[in-house]
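Read through the structure below, which is laid out as structure tokens, and then see the notes.
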């Protein structure tokens, strides 16, 4: 099939500018050009064909005449053309808005929802955008912020630079700021719910319509702007797969097989596309459609372009992280992105936990619109000693379980494959797979919470004992010391867990009632938590400083043992204590690195906080099948 060059549809919105005409050679008679729809079969603006047999026809007419053969087999699951690609010039900020997901949009608007991505082509030095919230907010707080005009105060404001990529899932609040030029790849939808528009008026002199009730209903108010992990791609999701290709001097060979068409959006430079003895000149601003089954073609010259194709059906797995107080469950795609996340209270008794997991998985798959056919399995991280072959929880001290066959109980009620491993091991695997995936394959994760968990990943695989995980928390810290919850005396967990830190802080505060440590509890030691001693120490309180100094001594000794045993590339600190960030890392490094076997004459690992926080266990559990 012939490679096609496309003409765009132009959109004159009030916030647009003239950069697309000036810098991307777009022909438009109006004064303001906000968007150009470079690849579009949407009724609100079709791309048209510049060359060949179908010159002058819309892209949709061409596709329909060819019985959809140019699209490829990966598009067969869509009942309409799946994507829309735009250039956007924001001379003024766009409205704060949100797009619904497929389920909601089809029901309410008769269109699909919109997941999209942005690639920053150019921007001013001080340009910014809004991407999610600064923190989790309630629906009521969201509504009040809209009504009070304080919405911008709770949004996640990000300064941008050329080359930045943002993946905007459906239900994510967002807004493009002033003086940014963007390439946008999105689902083929034009459904937008505006919540704030700077009180601007349209051409008719009236304020533009807002859609506050619908926006509140669909917006994910838990979402905090985060990094996604797409490997070598800019973005890969169920609807589109996008990457940047740079050609400098030499030809590169590409191939459009029977799976999908290729869309090439030229973002800089000029060159040629060659296929079957024919050449096409290309330059910045061009949109090229390469039909599926075209086969091999080459691109030469000095060109930067965005290549978009349609991936095969995305596969998912469910990751479950069982904790003493909460159960965290996420649906995770093959790129290790959590597409839906929920938390549930951990009720007493294994039967209640099983019921919670089974019901949650069913409801979450329905909410996400994912069939069990495309969900590979359920992976579960559970505290305690796990027989990974049978999926039996042999013993869980925190949950008070003995011989609970979690795999069997959940598998028979969901008709899905189930894998079970220790929760700390899952968290370590999650960090290696998604948190530090491009840096490390060997890691020891020490999680500090109610107890001390540990996970070891070597060469990208969980290090598993005969039965159960490595229990660094239950190695000896003090001979004949305090009784640990496991029954043994002197375990590291009895001295270096968050529970131990709280107890040590209570004792110190009681003995020094004039200290900041005591005052921060407001005179009630039951208010003590793992954060207060660090806050008091940072404020210079001598009592708190002694507590933290003593506490980190114990913690450091346990970590030295872990390093000397496993020699990892990186030692990761997870759990609530890790929220102290560089403050605690600096303290631990001083106490650990000089005492690692061989000292400066030997290899010493990186010591840092885990990146994924509460998501590590979910992502790790979702990766158990192949491990």
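In the numbering used here, the protein residues as written are 17 to 643. All C-beta atoms in this analysis are idealised placements derived from N, C-alpha and C, irrespective of residue type, glycine included.
(message) Counting C-beta neighbours from all protein chains within 10 Å, is the total for residue 75 16 or more, i.e. buried, or is it exposed?
(response) The residue labelled residue 75 in the question sits at position 59 within the chain shown. Result: buried.
(request) Count the C-beta pairs between the segment 186 to 205 and the segment 119 to 138 that are closer than 8 Å, then say yes if the count reaches three, no if not. (result) The segment 186 to 205 vs the segment 119 to 138: in contact.
(request) Please say whether residue 313 and residue 319 have beta carbons closer to each other than 8 Å? (result) Here residue 319 is taken as the residue at index 303 of the chain shown, counted from 1. Here residue 313 is taken as the residue at index 297 of the chain shown, counted from 1. For residue 319 and residue 313, no; Cβs fall outside 8 Å.
(request) Could you check what DSSP says for residue 508 in three-state terms: helix, strand or coil? (result) In the chain shown, residue 508 corresponds to position 492, counting from 1. Coil.
(request) For residue 574, name the three-state secondary structure that DSSP assigns. (result) Walking along the chain shown from the start, residue 574 turns up at place 558. Looking at residue 574 - three-state DSSP - the assignment turns out to be helix.
(request) Return the chain-ordered ranges of every alpha helix (DSSP H) run that is complete within the segment 373 to 445 and spans a minimum of 4 residues. (result) Taking only runs of at least 4 residues, the alpha helix (DSSP H) segments lying wholly in the segment 373 to 445 are 422 to 430.
(message) Pairs of beta-carbons, one from the segment 629 to 636 and one from the segment 322 to 331, closer than 8 Å: are there three or more?
(response) Not touching, per the Cβ criterion.
(request) Kindly indicate which three-state DSSP category residue 560 falls into: helix, strand or coil? (result) Residue 560 sits at position 544 when you count from the first residue of the chain shown. Helix, per DSSP.
(request) Return helix, strand or coil for residue 27, following the three-state DSSP convention. (result) To locate residue 27, count along the chain shown from 1; it is residue 11. The three-state reading of DSSP puts residue 27 in strand, counting E and B together.
(message) Taking 8 Å as the threshold (C-beta atoms), are residue 356 and residue 384 in contact?
(response) Here residue 384 refers to the residue found at position 368 of the chain shown. Here residue 356 refers to the residue found at position 340 of the chain shown. The beta carbons of residue 384 and residue 356 sit closer together than 8 Å.
(message) Using only the alpha-carbon positions, how far apart do residue 439 and residue 395 sit?
(response) To locate residue 439, count along the chain shown from 1; it is residue 423. To locate residue 395, count along the chain shown from 1; it is residue 379. Approximately 10 Å between the Cα atoms of the pair.
(message) On the DSSP bridge list, what partners appear for residue 57?
(response) Counting from one through the chain shown, the residue named residue 57 turns up at place 41. The partner list for residue 57 (beta bridge, DSSP) reads 62.
(message) If distances are taken between C-alpha atoms only, which option among 451, 503 and 211 comes closest to residue 657?
(response) Nothing can be reported for residue 657, as the shown portion of the chain is limited to 17 through 643.
(message) According to DSSP, is residue 542 part of a helix, a strand, or is it coil?
(response) For the purposes of this step, residue 542 is taken as the residue at position 526 of the chain shown. DSSP, read as helix, strand or coil, puts residue 542 in helix.
(message) Between which residues of its own chain and residue 88 is the CB-CB distance below 7 Å, once the five residues before and five after are set aside?
(response) Taking the first residue of the chain shown as 1, we reach residue 88 at position 72. So the qualifying residues of the chain are 274, 275, 276, 277, 308 and 326.
(request) Name the residue from 426, 310, 65 and 295 whose alpha carbon lies nearest to the alpha carbon of residue 267. (result) Locating residue 267 in the chain shown gives position 251, where the first residue counts as 1. The residue with the shortest Cα to Cα distance from residue 267 is 295.
(request) Check whether the Cβ atoms of residue 235 and residue 336 lie closer than 8 Å to each other. (result) By 1-based counting over the chain shown, the position of residue 235 is 219. By 1-based counting over the chain shown, the position of residue 336 is 320. At the C-beta level, residue 235 and residue 336 stay beyond 8 Å of one another.
(message) I need the DSSP call for residue 207, collapsed to helix, strand or coil.
(response) Start at 1 with the first residue of the chain shown, and residue 207 comes out as number 191. Secondary structure of residue 207 (DSSP, three-state): coil.
(request) Could you give the DSSP three-state label for residue 40: helix, strand or coil? (result) Taking the first residue of the chain shown as 1, we reach residue 40 at position 24. When secondary structure is reduced to three states using DSSP, residue 40 falls in the helix class.
(message) Please classify residue 219 as buried or exposed, where buried requires at least 16 other C-beta atoms within 10 Å of its C-beta.
(response) For this step, residue 219 is matched to residue 203 along the chain shown. With fewer than 16 other CB atoms across the displayed protein chains lying within 10 angstroms of its CB, residue 219 is exposed.
(message) Within the continuous beta strand (DSSP E) that includes residue 272, where are the two ends?
(response) In the chain shown, the residue the question calls residue 272 occupies position 256. That run of the beta strand (DSSP E) goes 268 to 272.
(message) I need the DSSP call for residue 52, collapsed to helix, strand or coil.
(response) Taking the chain shown and counting its residues from 1, one reaches residue 52 at position 36. Here residue 52 sits in strand by DSSP.
(message) My parser needs the beta strand (DSSP E) runs of 3 or more residues fully inside the segment 609 to 640; what are they?
(response) Inside the segment 609 to 640, DSSP marks whole beta strand (DSSP E) runs of 3 or more residues at positions 622 to 625, from first to last along the chain.
(message) If the criterion is Cβ atoms closer than 8 Å, does the pair residue 557 and residue 520 meet it?
(response) Here residue 557 refers to the residue found at position 541 when the chain shown is read from its first residue. Here residue 520 refers to the residue found at position 504 when the chain shown is read from its first residue. No, these two residues do not count as a Cβ contact at 8 Å.
(request) Could you round the C-beta distance between residue 40 and residue 103 to whole angstroms and report it? I think they count as a contact, below 8 Å. (result) Within the chain shown, the letter at position 24 stands for residue 40. Within the chain shown, the letter at position 87 stands for residue 103. Rounded, the Cβ-Cβ distance is 6 Å, consistent with contact.
(message) Taking a contact to mean a Cβ-Cβ separation below 8 Å, would you say residue 31 touches residue 109 in this structure?
(response) Walking along the chain shown from the start, residue 31 turns up at place 15. Walking along the chain shown from the start, residue 109 turns up at place 93. Contact flag set, yes.
(message) Taking only three categories from DSSP, how would you classify residue 19?
(response) Taking the first residue of the chain shown as 1, we reach residue 19 at position 3. Of the three classes helix, strand and coil, the one that applies to residue 19 here is coil, per DSSP.
(message) Let's see if you can read the secondary structure: which residues bound the alpha helix (DSSP H) around residue 229?
(response) To locate residue 229, count along the chain shown from 1; it is residue 213. Annotation for residue 229: the continuous alpha helix (DSSP H) segment containing it runs 228 to 234.
(request) Report yes if the C-beta distance between residue 492 and residue 472 is below 8 Å; otherwise report no. (result) As a first step, residue 492 must be located in the chain shown, where it is residue number 476. As a first step, residue 472 must be located in the chain shown, where it is residue number 456. Contact flag unset, no.
(message) Taking the alpha-carbon of residue 68 as reference, which of 78, 233, 61 and 60 has the nearest alpha-carbon?
(response) The count along the chain shown starts at 1 and reaches residue 68 at position 52. Nearest to residue 68 by alpha-carbon distance, out of 78, 233, 61 and 60, is 78.
(request) Could you check what DSSP says for residue 369 in three-state terms: helix, strand or coil? (result) Here the question's residue 369 lines up with position 353 in the chain shown. Here DSSP, grouped into helix, strand and coil, assigns residue 369 to helix.
(message) I need the straight-line Cα distance from residue 500 to residue 518, nearest angstrom please.
(response) Position 484 of the chain shown holds residue 500. Position 502 of the chain shown holds residue 518. Near 15 Å, if we compare the C-alpha coordinates of residue 518 and residue 500.
(message) Taking 8 Å as the threshold (C-beta atoms), are residue 144 and residue 181 in contact?
(response) As a working mapping, residue 181 is identified with position 165 in the chain shown. As a working mapping, residue 144 is identified with position 128 in the chain shown. Not closer than 8 Å, so no.
(request) Grab me the residues of residue 597's own chain with a C-beta within less than 8 Å of its C-beta, minus the 5 sequence neighbours each way, in chain order. (result) Walking along the chain shown from the start, residue 597 turns up at place 581. Cβ within range, chain order: 625.
(message) For residue 279, report the span of its beta strand (DSSP E) as first-last.
(response) Position 263 of the chain shown holds residue 279. For residue 279, the uninterrupted beta strand (DSSP E) segment begins and ends at 278 to 291.
(message) Considering Cα atoms alone, identify which of 585, 568 and 593 is closest to residue 605.
(response) Within the chain shown, residue 605 is the residue found at index 589, counting from 1. Ranking 585, 568 and 593 by Cα distance to residue 605 puts 568 first.
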